[in-house]
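Participant: Handing you a structure now.
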Amino acid sequence: MLKAMRAIGVCCVLALTMSNLGVTAMAAPATERYLHVKVDDATKGESVNVNLPLSMAAAILPTVNKGTLHNGHVTIGEADFNGVDVRALLDAIRTAPDNEFVTVKQKDQDVRVAKSNGNLIVHVLDKSKDGQKVDVTIPMKVVDALFSTVKDNELDVAAAIRALSDAGDAVLVTVQDATEHVRIWIDSRSASD
Amino acid sequence: MILLGKVALGIAGTALAGVGLVCSEGMIEVNVVEKQPEAHHVYVLAPAMLVPIGTHFIPKHKLGQAAAEIQPWLPTIRAALEQLRAGEDITLVDVREPGQHVRVTKDGGSVVADVTDEDETVHVSTPIRAIESTIEQVAAASPDTHD
Chain A
364 MLKAMRAIGV CCVLALTMSN LGVTAMAAPA TERYLHVKVD DATKGESVNV
414 NLPLSMAAAI LPTVNKGTLH NGHVTIGEAD FNGVDVRALL DAIRTAPDNE
464 FVTVKQKDQD VRVAKSNGNL IVHVLDKSKD GQKVDVTIPM KVVDALFSTV
514 KDNELDVAAA IRALSDAGDA VLVTVQDATE HVRIWIDSRS ASD
Chain B
2 MILLGKVALG IAGTALAGVG LVCSEGMIEV NVVEKQPEAH HVYVLAPAML
52 VPIGTHFIPK HKLGQAAAEI QPWLPTIRAA LEQLRAGEDI TLVDVREPGQ
102 HVRVTKDGGS VVADVTDEDE TVHVSTPIRA IESTIEQVAA ASPDTHD
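Residue numbers (our numbering), protein chains in the order written: chain A, 364 to 556; chain B, 2 to 148.
Structure (structure tokens):
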């Protein structure tokens with residue numbers, strides 16, 4: 364009787380161990396990617412750091428149904444596109460070789476839109492606002508995913524997040540002026556420093 | 002004598018199982034330290050399971066508004082907490098300004114908030130499972146919920 368109880372006990376321990384190993388092996392995630400936002404204000408001595416796993420953003424977005432955001436899609440009114448066929452525009456950019464598409468130089472502002480190494484690059488220098496400089500670098504795959512919806516007036520933000528997860532480490536946005544520095548980037552490190 | 006021993010073992014076993022059950026969702030830790038000359042120190046370590054249990058006893062009509070506000074966001078909250086629980090430890094938010102530091106982290110199975118300012122330091126650690134249970138309890142109080 365005692366031997367039988369021992370045998371059952373050993374079997375239970377083994378079964379629990381195996382099931383735990385199985386769960387651990389199944390739960391082993393692929394390399395997690397993180398979206399980081401860092402805002403520094405040197406004059407005020409303030410800093411804000413936000414770190415968000417992209418898998419969390421991808422899981423949350425489809426569940427939000429509020430305002431213009433539904434099932435990971437953002438609805439955009441015709442007015443927001445100002446009559447421009449954005450899909451056709453992006454298709455033209457996608458198929459074009461690396462090039463500088465728009466260069467505007469004004470008294471107060473310089474704007475540059477270019478395609479380089481598979482990235483869409485937007486550079487804005489606002490000379491009137493303490494020399495505020497904005498750099499946006501978006502992988503073309505992410506732009507494609509954003510416009511991958513069937514409907515013309517929608518952006519697929521969830522698909523863009525998924526595309527970001529597959530993209531390499533990248534600085535997406537930097538904003539620099541006399542006092543503030545904003546940086547948004549993705550990498551595989553959970554900490555921003 | 003043997004019978005007495007068996008009874009004692011039964012009581013001890015039941016007590017241990019009870020403690021284990023109550024602590025199964027982890028512990029909520031609250032630590033507040035004031036920096037004033039007459040500093041007060043509040044430290045609470047309580048089983049997290051008490052929160053959803055306590056919520057269960059709040060009259061449903063008093064939770065109505067909170068439940069109605071939570072209900073539309075329930076899928077989002079569930080998804081967020083599930084991902085948070087499955088993910089590795091991370092500092093989610095860190096805000097520093099002169100004299101103040103706020104940090105929200107995921108540490109083990111808990112969400113931890115640390116606030117330090119010129120007057121006091123506050124540390125609150127809440128198990129994610131307890132947050133889930135409590136939110137589910139509050140949402141269940143919604144008049145729209147049909148069990």
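Note that the Cβ used here is the ideal one computed from N, Cα and C, for glycine as well.
Closest Cβ-Cβ distance between A388 (chain A) and chain B: below 8 Å?
Facilitator: The pLDDT assigned to A388 (chain A) is 44, lower than 50, so where the model puts this residue is not dependable, and the model offers no usable value.
Participant: Taking 8 Å as the CB-CB limit, is N516 (chain A) close to chain B?
Facilitator: Chain B, which has no Cβ nearer than 8 Å to the Cβ of N516 (chain A), makes this no.
Participant: Going along chain A in order, which residues have a C-beta closer than 8 Å to the C-beta of Q84 (chain B)?
Facilitator: Simply P416, S418, M419, A422 and I423.
Participant: Kindly say whether V513 (chain A), judged by its beta-carbon, lies nearer than 8 Å to any beta-carbon of chain B.
Facilitator: With 8 Å as the cut-off, V513 (chain A) does not count as an interface residue toward chain B.
Participant: Give the DSSP-derived three-state secondary structure of R525 (chain A) in the structure shown.
Facilitator: Note: R525 (chain A) maps to helix in three-state DSSP.
Participant: Measure the C-alpha to C-alpha separation of T117 (chain B) and S555 (chain A) and round it to an integer number of angstroms.
Facilitator: Approximately 20 Å, taken between the alpha carbons.
Participant: For the candidate residues A:K504, A:D404 and A:T542, whose alpha-carbon lies nearest to that of D493 (chain A)?
Facilitator: Ranking A:K504, A:D404 and A:T542 by Cα distance to D493 (chain A) puts A:T542 first.
Participant: Show which residues of chain A have a CB atom less than 7 Å away from the CB atom of I71 (chain B).
Facilitator: Correct list: empty, because the minimum Cβ distance to chain A is about 13 Å.
Participant: Entirely within the segment 439-494 of chain A and at least 4 residues each: give me those alpha helix (DSSP H) ranges in chain order.
Facilitator: Counting whole runs of 4 or more residues, the segment 439-494 of chain A contains the alpha helix (DSSP H) stretches 441-444 and 449-458.
Participant: Bridge partners for L46 (chain B) per DSSP, in chain order?
Facilitator: L46 (chain B) pairs with B:E30.
Participant: With distances taken from CA atoms, which of B:I129, B:R104, B:V34 and B:V94 is nearest T122 (chain B)?
Facilitator: The shortest Cα separation from T122 (chain B) among B:I129, B:R104, B:V34 and B:V94 belongs to B:V34.
Participant: Measure the beta-carbon distance from D550 (chain A) to Y397 (chain A) and round it to whole angstroms, keeping in mind my assumption that it falls under 8 Å.
Facilitator: The pair is a contact, with the Cβ atoms about 6 Å apart (cut-off 8 Å).
Participant: Measuring CB to CB, does V505 (chain A) end up less than 8 Å from A521 (chain A)?
Facilitator: The answer is no: Cβ separation not under 8 Å.
Participant: Using Cβ-Cβ distances below 8 Å, what residues of the segment 531-548 of chain A are close to chain B?
Facilitator: Within the segment 531-548 of chain A, no residue qualifies.
Participant: Going by DSSP in three states, S553 (chain A) sits in which element: helix, strand or coil?
Facilitator: S553 (chain A): coil per DSSP, three-state reduction.
Participant: Please compile the residues from chain B whose C-beta is within a distance smaller than 9 Å of the C-beta of S410 (chain A).
Facilitator: Neighbours of S410 (chain A) on chain B, chain order: D95, V96, R97 and E98.
Participant: Quickly, what does DSSP pair I1 (chain B) with across the bridge? List them, please.
Facilitator: The shown model of chain B, from 2 to 148, leaves out residue 1 (chain B), and the question about it has no answer.
Participant: Which residue marks the beginning of the alpha helix (DSSP H) containing V1 (chain B), and which one marks its end?
Facilitator: The structure shown does not extend to residue 1 (chain B), since chain B is modelled only from 2 through 148, so no value can be given for it.
Participant: In angstroms with no decimal places, state the Cα-to-Cα distance between S111 (chain B) and S126 (chain B).
Facilitator: Spanning the two alpha carbons is a distance of roughly 6 Å.
Participant: How would you call R450 (chain A), buried or exposed, if buried means at least 16 neighbouring beta carbons within 10 angstroms?
Facilitator: Per the 10 Å Cβ criterion, exposed.
Participant: Over what stretch of residues does the alpha helix (DSSP H) that includes S418 (chain A) continue unbroken?
Facilitator: Taken as a continuous stretch (DSSP letters only), the alpha helix (DSSP H) holding S418 (chain A) covers L417 to I423.
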